[in-house]
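Numbering (the numbering used here), first residue to last: 135 to 481.
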């Protein structure tokens, strides 16, 4: 929570931490709730907290940091209204968020790291590696400021943007508690999805917290040979090890897991892969979300043909595997993860 300036990041503080900090300044208990509500308004300076005494605003300015992101670039799809943001953070780093409109409500996809260390072959976010973790407040700001700028009420969150959320475990959990707080944005855990490429120890740690969010696992191949080629994490946690952790997660939380599967031509979309995926997931009650691959200029991977995807789906459905195909939103604005940031870095 502490920045390089040595001052605590006030927006990353949980309500009980904020109460303790203000009590140490001699402030009455109700001030903490006032400040917390202002931080989730959102505001860009302590001076905007107009129902606080000037003396308290001065104390806050002297003792804490309060950062806000700037819109570096914004794109709005003419096809479906999807809004993509490239945010510039206080240190000049950039991350992306995407606001998507669905019948069940508006969803924001947020980033958890600047860059990504996982090295997946099909993803633009990982090119150039990881720069740093995002603080809890920097993740929260993506939700608050996307809602404020777009004018769209956010009801759902997916942690599927730039970065591996479980690699930034502590800050992500802190963010989840902040955004779920009744005095904050009050977004329920069942309206939040967290995507991971499969850090097994962190999946077990997350299961132990008992949060009622949806866990999405980026599987993308059912066998070790294929998965290791496109996802280096598989060399540390192979498919069977990962699926065992997923079963433990389901047993502890009762929450069905969604498996993400990007369809890559002649890589993971063969009849062999479809049959093995059905076999591995049989009887788990899990859900498979097939994703038409978004092409990345630096990659030689390409999306599967529609007929190949149709046959793949038929194989899964014959084995009673619940399968859907992710609708591609914002195709005219490069709405998939990492593309705007990558273009900005190239420039």
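Glycine is no exception: its CB is placed at the ideal position from the N, C-alpha and C atoms. What you are looking at is a predicted structure, and each value in this text was computed from that prediction instead of being measured.
Rounded separation between residue i and residue j - CA only
i, j, result
"residue 218", "residue 209", "5 Å"
"residue 312", "residue 373", "33 Å"
"residue 348", "residue 377", "16 Å"
"residue 174", "residue 253", "34 Å"
"residue 425", "residue 283", "28 Å"
"residue 446", "residue 396", "12 Å"
"residue 255", "residue 159", "51 Å"
"residue 431", "residue 350", "26 Å"
"residue 428", "residue 442", "16 Å"
"residue 315", "residue 421", "29 Å"
"residue 408", "residue 364", "17 Å"
"residue 330", "residue 188", "44 Å"
"residue 136", "residue 366", "Per-residue confidence for residue 136 stands at a pLDDT of 48, beneath the threshold of 50, marking its modelled position as unreliable; the derived number appears in the next sentence. Distance between the alpha carbons of residue 136 and residue 366 is about 32 Å."
"residue 406", "residue 449", "10 Å"
"residue 453", "residue 417", "9 Å"
"residue 404", "residue 353", "15 Å"
Cutoff 7 Å; reference residue i; Cβ partners in own chain excluding five residues on either side
i, result
"residue 195", "180"
"residue 191", "180, 181 and 183"
"residue 419", "390"
"residue 368", "358, 361 and 362"
"residue 146", "135, 269, 270, 271 and 308"
"residue 401", "360, 364 and 435"
"residue 281", "287 and 288"
8 Å contact criterion, which residue i and residue j should meet: CB distance rounded
i, j, result
"residue 243", "residue 298", "Incorrect: roughly 14 Å between the Cβ atoms, too far for contact."
"residue 148", "residue 166", "Not really, about 11 Å apart at Cβ, beyond 8 Å."
"residue 336", "residue 300", "4 Å"
"residue 410", "residue 455", "That belief does not hold up - the Cβ atoms of residue 410 and residue 455 are roughly 12 Å apart, past 8 Å."
"residue 292", "residue 241", "6 Å"
"residue 144", "residue 198", "4 Å"
Beta-ladder partner(s) of residue i, from DSSP
i, result
"residue 247", "267"
"residue 421", "392 and 456"
"residue 276", "Answer is none; residue 276 lacks a bridge partner."
"residue 218", "209 and 232"
"residue 328", "293 and 349"
"residue 288", "240"
"residue 437", "398"
"residue 199", "143"
Among the options, the one whose alpha carbon lies nearest that of residue i
i, options, result
"residue 278", "296, 168, 172 and 331", "172"
"residue 214", "228, 201, 430 and 233", "233"
"residue 262", "410, 247 and 274", "247"
"residue 371", "358, 382, 381 and 364", "358"
"residue 413", "224, 451, 270 and 341", "451"
"residue 302", "290, 362, 314 and 328", "328"
"residue 226", "268, 460 and 434", "268"
"residue 177", "322, 189 and 203", "203"
"residue 386", "433, 342 and 163", "342"
"residue 257", "433, 440 and 438", "433"
"residue 294", "220, 326 and 280", "326"
"residue 457", "404, 392, 304 and 402", "392"
"residue 211", "304, 200, 235 and 201", "235"
"residue 266", "238, 290 and 223", "223"
Contact set for residue i: own chain, Cβ-Cβ below 8 Å, skip 5 residues either direction
i, result
"residue 296", "229, 230, 245, 246, 247, 248, 249, 250, 259, 471, 472 and 475"
"residue 436", "398, 399, 427 and 429"
"residue 321", "277, 288, 289, 290, 291, 313 and 314"
"residue 306", "246, 270, 273, 293, 299, 300 and 328"
"residue 168", "183, 185 and 186"
Residue-level contact to chain D via CB, residue i, 8 Å cutoff
i, result
"residue 333", "No chain D is present in this structure, which holds just one protein chain."
Proximal residues to residue i (C-beta, below 6 Å), its chain only, five neighbours per side dropped
i, result
"residue 138", "Per-residue confidence for residue 138 stands at a pLDDT of 46, beneath the threshold of 50, marking its modelled position as unreliable; the derived number appears in the next sentence. Taken in chain order, the list of residues that qualify is empty."
"residue 460", "423 and 425"
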